[in-house]
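Worksheet: one structure, shown below.
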Amino acid sequence: LKSMLSDHYAQAVTIRVPETSDGKAKSRYTRSFSESNVNTFKYFLKQETWDTIYESRHLEEKFNQFSSQLSYYFEIAFPFQCKKIKSANTHKIKFPQEILALKGECFLFYKKTKHLSSDHFLRQYYLRIKSRYRKAVQQFKAKAELKTINQCKNKTQGVWRVINEKRPRRGKDRNTICVEDKNGEVIEEPEAVCEILNTHFIEVGKRFDSALERRTSPEANVRSTSASFFLSPSCEDEIKNLICNLKNTKSAGVDEISAELLKSASHLLAAPLCHLLNTSFVEGKFPSGLKVAKVRPIPKKENSSTCDTYRPISVLPTLSKVFEKA
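Below, the structure is given as C-alpha coordinates:
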(Lines of atoms letter the chains of each structure in order from A; the text may use other names.)
(Lines give C-alpha, C1' and ligand atoms only; values in the text may rest on other atoms or scores of the structure.)
Protein backbone atom coordinates (compact mmCIF):
# COMPACT_ATOMS: atom_id res chain seq x y z
CA LEU A 1 0.00 0.00 0.00
CA LYS A 2 1.20 3.50 -0.83
CA SER A 3 0.65 5.55 2.30
CA MET A 4 2.19 8.75 0.86
CA LEU A 5 3.75 9.28 4.30
CA SER A 6 7.03 7.50 3.66
CA ASP A 7 9.16 6.09 0.86
CA HIS A 8 8.34 2.61 2.20
CA TYR A 9 5.23 0.65 1.36
CA ALA A 10 2.72 -0.06 4.11
CA GLN A 11 1.48 -3.57 4.77
CA ALA A 12 -2.03 -4.64 5.76
CA VAL A 13 -2.62 -7.89 7.62
CA THR A 14 -6.06 -9.44 8.24
CA ILE A 15 -6.28 -11.91 11.13
CA ARG A 16 -9.48 -13.88 11.62
CA VAL A 17 -10.03 -14.53 15.32
CA PRO A 18 -12.69 -17.14 16.12
CA GLU A 19 -15.42 -15.97 18.44
CA THR A 20 -15.30 -17.51 21.88
CA SER A 21 -18.27 -18.00 24.13
CA ASP A 22 -18.58 -19.38 27.63
CA GLY A 23 -22.05 -20.72 26.85
CA LYS A 24 -23.78 -18.39 29.30
CA ALA A 25 -26.57 -16.11 28.20
CA LYS A 26 -25.64 -12.43 28.14
CA SER A 27 -29.21 -11.12 28.16
CA ARG A 28 -32.71 -12.25 28.99
CA TYR A 29 -36.28 -11.12 28.40
CA THR A 30 -38.09 -9.82 31.46
CA ARG A 31 -40.95 -7.53 32.41
CA SER A 32 -40.56 -4.16 34.09
CA PHE A 33 -43.01 -3.48 36.93
CA SER A 34 -42.10 0.18 37.23
CA GLU A 35 -44.46 2.73 38.74
CA SER A 36 -45.38 4.11 35.31
CA ASN A 37 -46.18 0.62 33.98
CA VAL A 38 -48.31 -0.16 37.02
CA ASN A 39 -50.20 3.11 36.51
CA THR A 40 -50.79 2.14 32.87
CA PHE A 41 -52.16 -1.22 34.01
CA LYS A 42 -54.52 0.47 36.48
CA TYR A 43 -55.63 2.97 33.84
CA PHE A 44 -56.85 0.19 31.52
CA LEU A 45 -58.56 -1.61 34.41
CA LYS A 46 -60.37 1.59 35.34
CA GLN A 47 -61.83 1.86 31.82
CA GLU A 48 -63.05 -1.76 31.82
CA THR A 49 -66.75 -2.37 32.58
CA TRP A 50 -66.50 -6.20 32.78
CA ASP A 51 -69.86 -6.53 31.01
CA THR A 52 -68.79 -9.77 29.31
CA ILE A 53 -68.34 -11.37 32.75
CA TYR A 54 -71.73 -10.32 34.08
CA GLU A 55 -73.47 -11.41 30.86
CA SER A 56 -71.92 -14.89 30.83
CA ARG A 57 -73.93 -17.75 32.34
CA HIS A 58 -71.51 -20.20 33.93
CA LEU A 59 -68.47 -19.83 36.18
CA GLU A 60 -65.92 -21.24 33.72
CA GLU A 61 -67.12 -18.91 30.98
CA LYS A 62 -67.10 -15.93 33.34
CA PHE A 63 -63.60 -16.67 34.63
CA ASN A 64 -62.21 -17.25 31.13
CA GLN A 65 -63.55 -13.85 30.06
CA PHE A 66 -62.04 -12.22 33.15
CA SER A 67 -58.68 -13.95 32.71
CA SER A 68 -58.57 -13.03 29.02
CA GLN A 69 -59.22 -9.33 29.66
CA LEU A 70 -56.78 -9.20 32.58
CA SER A 71 -54.06 -10.91 30.54
CA TYR A 72 -54.66 -8.50 27.63
CA TYR A 73 -54.12 -5.41 29.80
CA PHE A 74 -51.17 -7.09 31.53
CA GLU A 75 -49.38 -7.69 28.22
CA ILE A 76 -49.91 -4.06 27.16
CA ALA A 77 -48.71 -2.56 30.44
CA PHE A 78 -45.80 -4.95 31.08
CA PRO A 79 -44.27 -6.01 27.74
CA PHE A 80 -41.15 -8.16 27.64
CA GLN A 81 -37.89 -6.23 27.47
CA CYS A 82 -34.40 -7.50 26.68
CA LYS A 83 -32.06 -6.75 29.59
CA LYS A 84 -28.41 -7.52 30.13
CA ILE A 85 -27.66 -10.14 32.76
CA LYS A 86 -25.57 -8.71 35.56
CA SER A 87 -22.54 -10.38 37.09
CA ALA A 88 -22.78 -13.03 39.79
CA ASN A 89 -22.16 -10.46 42.53
CA THR A 90 -25.83 -9.82 43.22
CA HIS A 91 -25.58 -8.25 46.65
CA LYS A 92 -23.45 -5.17 47.17
CA ILE A 93 -23.41 -3.32 50.46
CA LYS A 94 -23.71 0.44 50.17
CA PHE A 95 -21.53 2.04 52.81
CA PRO A 96 -22.47 5.38 54.41
CA GLN A 97 -20.59 8.57 53.67
CA GLU A 98 -18.67 8.42 56.96
CA ILE A 99 -17.03 5.09 56.07
CA LEU A 100 -16.33 6.23 52.50
CA ALA A 101 -14.64 9.37 53.84
CA LEU A 102 -12.56 7.24 56.21
CA LYS A 103 -11.62 5.01 53.28
CA GLY A 104 -10.46 8.02 51.27
CA GLU A 105 -8.37 9.32 54.16
CA CYS A 106 -6.85 5.87 54.68
CA PHE A 107 -5.90 5.59 51.00
CA LEU A 108 -4.45 9.10 50.99
CA PHE A 109 -2.15 8.47 53.97
CA TYR A 110 -1.18 5.08 52.56
CA LYS A 111 0.26 6.74 49.45
CA LYS A 112 2.06 9.35 51.57
CA THR A 113 3.54 6.94 54.11
CA LYS A 114 4.17 3.70 52.21
CA HIS A 115 7.90 4.50 51.92
CA LEU A 116 8.27 5.57 55.57
CA SER A 117 9.46 3.36 58.40
CA SER A 118 6.90 1.77 60.70
CA ASP A 119 7.97 3.91 63.69
CA HIS A 120 7.39 7.21 61.84
CA PHE A 121 4.57 9.25 63.41
CA LEU A 122 2.74 9.62 60.05
CA ARG A 123 3.00 5.87 59.46
CA GLN A 124 1.64 5.24 62.94
CA TYR A 125 -1.23 7.63 62.21
CA TYR A 126 -2.02 5.75 58.98
CA LEU A 127 -2.09 2.40 60.81
CA ARG A 128 -4.56 3.81 63.35
CA ILE A 129 -6.83 5.08 60.56
CA LYS A 130 -6.57 1.71 58.80
CA SER A 131 -7.62 -0.08 61.99
CA ARG A 132 -10.59 2.26 62.47
CA TYR A 133 -11.65 1.76 58.85
CA ARG A 134 -11.51 -2.04 59.04
CA LYS A 135 -13.47 -2.09 62.29
CA ALA A 136 -16.13 0.26 60.88
CA VAL A 137 -16.52 -1.91 57.76
CA GLN A 138 -16.85 -5.10 59.80
CA GLN A 139 -19.46 -3.59 62.10
CA PHE A 140 -21.50 -2.18 59.21
CA LYS A 141 -21.41 -5.50 57.32
CA ALA A 142 -22.53 -7.35 60.45
CA LYS A 143 -25.48 -4.97 60.89
CA ALA A 144 -26.43 -5.31 57.20
CA GLU A 145 -26.37 -9.12 57.38
CA LEU A 146 -28.40 -9.10 60.60
CA LYS A 147 -30.94 -6.80 58.93
CA THR A 148 -31.19 -9.20 55.97
CA ILE A 149 -31.91 -12.10 58.32
CA ASN A 150 -34.48 -10.15 60.35
CA GLN A 151 -36.34 -9.06 57.21
CA CYS A 152 -36.90 -12.70 56.20
CA LYS A 153 -39.94 -14.34 57.75
CA ASN A 154 -38.08 -17.64 57.62
CA LYS A 155 -34.95 -16.96 59.70
CA THR A 156 -33.22 -20.16 58.61
CA GLN A 157 -33.72 -19.19 54.99
CA GLY A 158 -32.31 -15.74 55.76
CA VAL A 159 -29.19 -17.21 57.36
CA TRP A 160 -28.54 -19.45 54.36
CA ARG A 161 -29.08 -16.51 52.03
CA VAL A 162 -26.28 -14.60 53.77
CA ILE A 163 -24.02 -17.67 53.71
CA ASN A 164 -24.62 -18.39 50.01
CA GLU A 165 -23.84 -14.79 49.08
CA LYS A 166 -20.38 -15.24 50.60
CA ARG A 167 -19.70 -18.62 49.00
CA PRO A 168 -17.99 -18.74 45.59
CA ARG A 169 -20.07 -20.17 42.79
CA ARG A 170 -18.94 -23.58 41.61
CA GLY A 171 -19.99 -25.93 38.88
CA LYS A 172 -22.63 -25.21 36.27
CA ASP A 173 -25.08 -22.37 36.21
CA ARG A 174 -27.97 -23.05 38.59
CA ASN A 175 -30.45 -22.21 35.83
CA THR A 176 -29.03 -24.98 33.62
CA ILE A 177 -30.70 -28.34 34.27
CA CYS A 178 -29.63 -31.61 32.68
CA VAL A 179 -31.61 -34.81 33.25
CA GLU A 180 -31.47 -38.38 32.06
CA ASP A 181 -34.27 -39.84 29.95
CA LYS A 182 -35.55 -43.42 30.22
CA ASN A 183 -32.66 -44.64 28.07
CA GLY A 184 -30.05 -43.05 30.36
CA GLU A 185 -29.14 -40.36 27.84
CA VAL A 186 -28.41 -36.91 29.32
CA ILE A 187 -30.78 -34.27 27.89
CA GLU A 188 -29.89 -30.57 27.96
CA GLU A 189 -32.46 -29.03 25.58
CA PRO A 190 -34.78 -26.91 27.82
CA GLU A 191 -38.13 -27.97 26.33
CA ALA A 192 -37.20 -31.65 26.40
CA VAL A 193 -36.02 -31.32 30.02
CA CYS A 194 -39.37 -29.72 30.97
CA GLU A 195 -41.30 -32.59 29.38
CA ILE A 196 -39.17 -35.23 31.12
CA LEU A 197 -39.52 -33.61 34.56
CA ASN A 198 -43.24 -32.95 34.05
CA THR A 199 -43.86 -36.59 33.12
CA HIS A 200 -41.77 -37.75 36.10
CA PHE A 201 -43.67 -35.58 38.62
CA ILE A 202 -47.01 -36.85 37.25
CA GLU A 203 -46.03 -40.52 37.31
CA VAL A 204 -44.36 -40.44 40.72
CA GLY A 205 -47.64 -39.32 42.30
CA LYS A 206 -49.51 -42.16 40.63
CA ARG A 207 -46.89 -44.67 41.83
CA PHE A 208 -47.23 -43.53 45.44
CA ASP A 209 -51.02 -43.56 45.16
CA SER A 210 -51.12 -47.12 43.81
CA ALA A 211 -48.72 -48.29 46.54
CA LEU A 212 -51.05 -47.16 49.34
CA GLU A 213 -53.06 -49.90 51.00
CA ARG A 214 -56.81 -49.22 51.03
CA ARG A 215 -58.76 -51.22 53.59
CA THR A 216 -62.00 -49.24 53.44
CA SER A 217 -63.53 -46.95 50.88
CA PRO A 218 -63.49 -43.19 51.68
CA GLU A 219 -67.31 -43.15 51.73
CA ALA A 220 -67.34 -45.56 54.66
CA ASN A 221 -65.89 -42.91 56.99
CA VAL A 222 -68.50 -40.28 56.09
CA ARG A 223 -71.31 -39.98 58.61
CA SER A 224 -74.58 -38.25 58.02
CA THR A 225 -75.32 -35.16 60.10
CA SER A 226 -78.26 -32.88 60.59
CA ALA A 227 -76.07 -29.84 61.16
CA SER A 228 -75.62 -27.37 58.30
CA PHE A 229 -74.14 -23.95 57.67
CA PHE A 230 -75.00 -21.04 55.42
CA LEU A 231 -72.81 -18.63 53.46
CA SER A 232 -73.75 -15.03 52.88
CA PRO A 233 -72.69 -13.44 49.57
CA SER A 234 -69.30 -11.74 49.61
CA CYS A 235 -69.00 -8.00 49.14
CA GLU A 236 -66.35 -5.81 47.53
CA ASP A 237 -64.98 -4.63 50.89
CA GLU A 238 -64.41 -8.23 51.95
CA ILE A 239 -62.50 -8.92 48.73
CA LYS A 240 -60.34 -5.83 49.26
CA ASN A 241 -59.50 -6.95 52.81
CA LEU A 242 -58.61 -10.45 51.61
CA ILE A 243 -56.24 -9.03 49.01
CA CYS A 244 -54.65 -6.57 51.44
CA ASN A 245 -53.99 -9.39 53.94
CA LEU A 246 -52.00 -11.42 51.40
CA LYS A 247 -48.25 -11.68 51.93
CA ASN A 248 -46.54 -8.90 49.99
CA THR A 249 -44.50 -11.14 47.68
CA LYS A 250 -43.32 -10.74 44.09
CA SER A 251 -43.66 -14.42 43.19
CA ALA A 252 -46.42 -15.22 40.71
CA GLY A 253 -48.08 -18.19 39.04
CA VAL A 254 -48.72 -18.79 35.36
CA ASP A 255 -50.73 -15.55 35.11
CA GLU A 256 -47.60 -13.61 36.26
CA ILE A 257 -49.70 -11.44 38.60
CA SER A 258 -47.97 -11.13 41.97
CA ALA A 259 -49.57 -10.26 45.30
CA GLU A 260 -47.80 -6.90 45.20
CA LEU A 261 -49.38 -6.03 41.84
CA LEU A 262 -52.78 -7.37 42.88
CA LYS A 263 -52.76 -5.19 45.99
CA SER A 264 -52.04 -2.05 43.97
CA ALA A 265 -55.14 -2.71 41.82
CA SER A 266 -57.41 -4.26 44.47
CA HIS A 267 -59.94 -1.40 44.33
CA LEU A 268 -60.30 -1.92 40.56
CA LEU A 269 -60.59 -5.71 40.64
CA ALA A 270 -62.80 -6.09 43.72
CA ALA A 271 -66.09 -5.90 41.79
CA PRO A 272 -65.41 -8.60 39.16
CA LEU A 273 -63.67 -10.84 41.70
CA CYS A 274 -66.63 -10.51 44.07
CA HIS A 275 -68.99 -11.56 41.27
CA LEU A 276 -66.80 -14.53 40.34
CA LEU A 277 -66.49 -15.63 43.96
CA ASN A 278 -70.24 -15.54 44.58
CA THR A 279 -70.83 -17.48 41.35
CA SER A 280 -68.29 -20.04 42.54
CA PHE A 281 -70.27 -20.53 45.78
CA VAL A 282 -73.59 -20.80 43.94
CA GLU A 283 -72.34 -23.40 41.45
CA GLY A 284 -70.14 -25.17 43.98
CA LYS A 285 -67.18 -25.12 41.63
CA PHE A 286 -63.64 -23.77 41.63
CA PRO A 287 -62.33 -22.12 38.42
CA SER A 288 -60.14 -24.53 36.46
CA GLY A 289 -57.76 -21.72 35.52
CA LEU A 290 -56.83 -21.27 39.18
CA LYS A 291 -55.84 -24.93 39.52
CA VAL A 292 -52.95 -24.63 37.05
CA ALA A 293 -49.63 -24.39 38.90
CA LYS A 294 -46.19 -23.30 37.77
CA VAL A 295 -43.86 -26.09 38.87
CA ARG A 296 -40.24 -25.26 39.58
CA PRO A 297 -37.79 -28.17 39.98
CA ILE A 298 -35.43 -27.63 42.91
CA PRO A 299 -32.34 -29.88 43.08
CA LYS A 300 -31.80 -31.74 46.34
CA LYS A 301 -28.06 -31.86 45.66
CA GLU A 302 -25.67 -30.25 43.20
CA ASN A 303 -24.68 -31.64 39.80
CA SER A 304 -27.34 -34.34 39.62
CA SER A 305 -28.96 -35.54 36.39
CA THR A 306 -31.56 -37.98 37.74
CA CYS A 307 -35.18 -36.89 38.04
CA ASP A 308 -35.54 -38.35 41.54
CA THR A 309 -33.09 -35.77 42.91
CA TYR A 310 -35.45 -32.89 42.03
CA ARG A 311 -38.39 -31.90 44.17
CA PRO A 312 -41.29 -29.95 42.60
CA ILE A 313 -42.25 -26.59 44.07
CA SER A 314 -45.71 -25.55 42.84
CA VAL A 315 -46.66 -21.88 42.60
CA LEU A 316 -50.40 -21.32 42.18
CA PRO A 317 -51.92 -18.09 40.81
CA THR A 318 -52.28 -15.36 43.42
CA LEU A 319 -56.00 -15.09 42.68
CA SER A 320 -56.47 -18.68 43.87
CA LYS A 321 -55.45 -17.56 47.37
CA VAL A 322 -58.25 -14.99 47.35
CA PHE A 323 -60.80 -17.72 46.51
CA GLU A 324 -59.34 -20.04 49.16
CA LYS A 325 -59.50 -17.44 51.93
CA ALA A 326 -63.04 -16.24 51.12
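Residue 1 is where the sequence shown starts when you use the UniProt record's numbering, and the numbers rise one by one after that. Beta carbons: idealized from backbone N, C-alpha and C, even for Gly. Source: prediction; values computed, not measured.
Distance between residue j and residue i (C-alpha atoms, nearest Å)
i           : j           : result
residue 56  : residue 187 : 46 Å
residue 264 : residue 16  : 55 Å
residue 67  : residue 251 : 18 Å
residue 51  : residue 288 : 21 Å
residue 29  : residue 137 : 37 Å
residue 325 : residue 245 : 10 Å
residue 276 : residue 296 : 29 Å
residue 232 : residue 84  : 51 Å
residue 210 : residue 279 : 36 Å
residue 162 : residue 112 : 37 Å
residue 306 : residue 189 : 15 Å
residue 205 : residue 212 : 11 Å
Cβ neighbours of residue i in the same chain (closer than 7 Å, five flanking residues each side left out)
i           : result
residue 293 : 253, 314, 315, 316
residue 243 : 262, 263, 266, 322
residue 155 : 149
residue 125 : 109
N-terminal and C-terminal residue of the alpha helix (DSSP H) that residue i is part of
i           : result
residue 54  : 51 to 55
residue 161 : 155 to 166
residue 77  : 59 to 77
residue 238 : 236 to 244
residue 110 : 97 to 113
residue 37  : 35 to 47
residue 326 : Careful: residue 326 lies outside any alpha helix (DSSP H) and carries neither H nor E.
Residues that DSSP places opposite residue i in a beta bridge
i           : result
residue 132 : Answer is none; residue 132 lacks a bridge partner.
residue 315 : 294
residue 287 : Residue 287 pairs with nothing; no bridge assigned.
residue 195 : Answer is none; residue 195 lacks a bridge partner.
residue 186 : 180
residue 299 : 310
First and last residue of the uninterrupted beta strand (DSSP E) at residue i
i          : result
residue 80 : 80 to 84
residue 28 : 27 to 31
Beta-carbon contacts of residue i that lie in its chain and below 8 Å, excluding the five residues immediately before and after
i           : result
residue 193 : 177, 178, 179, 187
residue 144 : 93
residue 159 : 149
residue 102 : 129, 132, 133, 136
Cut-off 6 Å between Cβ atoms - residues of its own chain near residue i, not counting five sequence neighbours on either side
i           : result
residue 298 : 311, 313
Note to self: Does the structure place the stretch 269 to 277 close enough to the stretch 234 to 249 that three or more beta carbon pairs sit under 8 Å?
What the structure shows: The stretch 234 to 249 vs the stretch 269 to 277: in contact.
Margin query: When you compare the stretch 125 to 145 with the stretch 98 to 107, are there three or more beta-carbon pairs, one atom per stretch, that lie closer than 8 Å?
Written below: Yes, the stretch 125 to 145 is in contact with the stretch 98 to 107.
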